[in-house]
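Every number in this note's numbering is 4 more than the matching position in the sequence shown, counting from 1.
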Amino acid sequence: MQAGHGFQPKDFCHRDKGQENMRFISKASEKEMSLLAAQMLAAVLKEKQRPVFAMPTGGTPVGTYKALVKLYQEQNLDFSKGIFFNVDEYEGLGRENPQGYYYFLHEHLYQYVNVAPKHTFAPDGKAGDLEQEAAEYEAKIDSFGGLDVAFLGIGRNGHIGFNEPADFFRYASSSVTLSEDTLRANARFFSDQKAVPRRAISMGAGTIMRAKSIILIAGSDKKDVIKRLKSCKDINPQFPASVLWLHPDATIISAEK
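Here's what the structure looks like:
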């Protein structure tokens with residue numbers, strides 16, 4: 005991957021027949037999907053001295069966060085040594101905003117476990133210069149040696165984080181404009197679609213691809229996009245999740261119902 009604002013994989017790019025690094029795991033239910041993801045994240049927390057995670061928001065990961073809280077309560081899973089970065093954050097929303105993504109993680113995970121607040125990070129959506137804020141956020145991730153695990157969801161259009169279909173893959177965290185598909189999908193968290201912020205700061209596809217491992221979960225409502233990902237032959241930024249085929253350690257966990 006080349007430095008700069010964006011990158012295109014070599015040959016932009018047809019996936020080689022033997023390039024089968026991505027693992028697809030199908031679970032019978034979203035509860036089982038969530039539990040497996042939680043167990044995989046917990047294993048990294050136990051094994052590494054100072055693990056660094058990218059953490060998603062939205063409806064899909066809520067079950068995983070509940071399972072992680074249960075592991076903390078019942079098995080004393082230690083979150084204190086973990087470093088946690090939001091995958092993204094809306095423009096104009098700060099940490100205390102109930103519709104913001106840092107607030108989401110606090111409400112569903114951080115407040116229930118022994119995470120160190122100084123080790124939880126999110127872009128400042130209220131920053132005056134979003135590109136500068138994104139650059140500083142990327143630098144903060146780099147200061148911890150990059151991500152050990154990028155934990156992700158996926159959009160119906162194949163977006164990962166807020167990396168929407170585009171002409172190139174973003175190399176690093178940046179400010180982004182959300183697609184109409186994403187605005188519609190996220191309207192359920194707001195009073196209506198017009199209330200959804202149209203811009204955000206997101207980790208870039210490059211940020212995610214530099215993680216040592218990737219865990220992506222997809223509920224039963226995402227069967228079509230997972231089918232498309234599983235069968236896709238071309239790495240194309242118009243289908244952002246396709247880039248994950250180039251990662252050496254990516255696991256896709258989906259639910260049948």
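Every residue gets a Cβ at the ideal spot worked out from N, C-alpha and C, and that includes glycine.
Terminal residues of the alpha helix (DSSP H) in which residue i lies
i, result
"Ile145", "Leu134 to Ser147"
"Lys231", "Lys227 to Ser235"
"Phe28", "Counting along the chain, Phe28 falls outside any alpha helix (DSSP H), though it belongs to the beta strand (DSSP E) covering Arg27 to Lys31."
"Tyr116", "It is not in any alpha helix (DSSP H) - Tyr116 carries neither H nor E in the DSSP assignment."
"Leu109", "Tyr105 to His112"
Run of the beta strand (DSSP E) containing residue i, from where it starts to where it stops
i, result
"Leu45", "Segment Glu34 to Glu51 is the alpha helix (DSSP H) holding Leu45; no beta strand (DSSP E) there."
"Met266", "Limits of the chain in this structure are 5 at one end and 261 at the other, which puts residue 266 out of reach."
"Tyr94", "Asp92 to Tyr94"
"Lys70", "Taken as a continuous stretch (DSSP letters only), Lys70 belongs to no beta strand (DSSP E), being part of the alpha helix (DSSP H) at Val66 to Gln79."
"Phe155", "Val153 to Leu156"
"Ile239", "Run containing Ile239: none; DSSP gives neither H nor E here."
"Ser258", "Ala254 to Ala259"
Residue i beta carbon near the ligand ZN (any heavy atom closer than 7 Å)
i, result
"Ile164", "Because no ligand of any kind appears in the structure shown, any question about the ligand ZN cannot be addressed here."
Neighbourhood of residue i by C-beta, 6 Å cutoff - its chain only, sequence neighbours within 5 removed
i, result
"Val119", "Phe83"
"Tyr76", "Val117"
"Gly98", "Lys130"
"Ala254", "Met26, Ile218 and Leu248"
"Lys85", "Arg54"
"Asp133", "none"
"Gln6", "Unreliable placement is indicated for Gln6, whose pLDDT of 38 sits below 50; no coordinate value is reported for it."
"Glu78", "none"
Under 8 Å between C-beta atoms of residue i and residue j
i, j, result
"Pro244", "Ile164", "yes"
"Ile71", "Leu109", "With the sequence shown as reference, residue 71 is identified as Ala, and Ile is not the correct amino acid for it. It is not a contact, given that the beta carbons lie outside the stated cut-off."
"Ile205", "Glu111", "no"
"Asn90", "Ala126", "yes"
"Lys31", "Ile218", "no"
"Leu248", "Phe155", "no"
"Ala215", "Gly157", "no"
"Ala41", "Thr68", "yes"
"Glu95", "Arg203", "yes"
"Gly162", "Ser246", "yes"
"Thr64", "Ile221", "yes"
Other residues of its chain near residue i: CB distance less than 7 Å, five sequence neighbours each side excluded
i, result
"Lys234", "Phe28"
"Tyr107", "Arg99, Glu100 and Asn101"
"Ala176", "Glu142, Gly208, Gly210 and Thr211"
"Val66", "His112"
"Gly104", "Glu93, Tyr94, Leu97, Gly98 and Gly129"
"Met59", "Phe88, Phe89, Asn90, Val91, Leu109 and Phe155"
Same chain, Cβ closer than 8 Å to residue i, five either side skipped, listed in chain order
i, result
"Ala261", "Note that residue 261 is Lys in the sequence shown here, rather than Ala. Answer for Lys261: Ala32, Ser33, Glu34 and Ser224, listed in chain order."
"Phe148", "Arg54, Val56 and Ile87"
"Asp152", "Val48, Lys52, Pro55, Val56, Phe57, Ala215, Lys216 and Ser217"
"Glu36", "Ala259"
"Tyr114", "Phe88, Pro121 and Thr124"
"Pro252", "Asn25"
Cutoff 8 Å: residue i Cβ touching any chain B Cβ
i, result
"His123", "Going by chain labels, chain B is absent from the structure shown, which holds only one protein chain."
Can at least three beta-carbon pairs, one atom from the stretch 215-229 and one from the stretch 166-181, be found at a separation below 8 Å? Touching, no.
Would the stretch 237-257 and the stretch 169-178 be scored as touching if the rule is three or more Cβ pairs under 8 Å? Yes: at least three Cβ pairs fall under 8 Å.
Does the count of Cβ pairs from the stretch 52-67 and the stretch 24-31 closer than 8 Å reach three? No: fewer than three Cβ pairs fall under 8 Å.
At which residue ranges does the stretch 161-226 contain complete beta strand (DSSP E) runs of 3 or more residues, listed in the order of the chain? Taking only runs of at least 3 residues, the beta strand (DSSP E) segments lying wholly in the stretch 161-226 are 178-181, 203-206 and 217-222.
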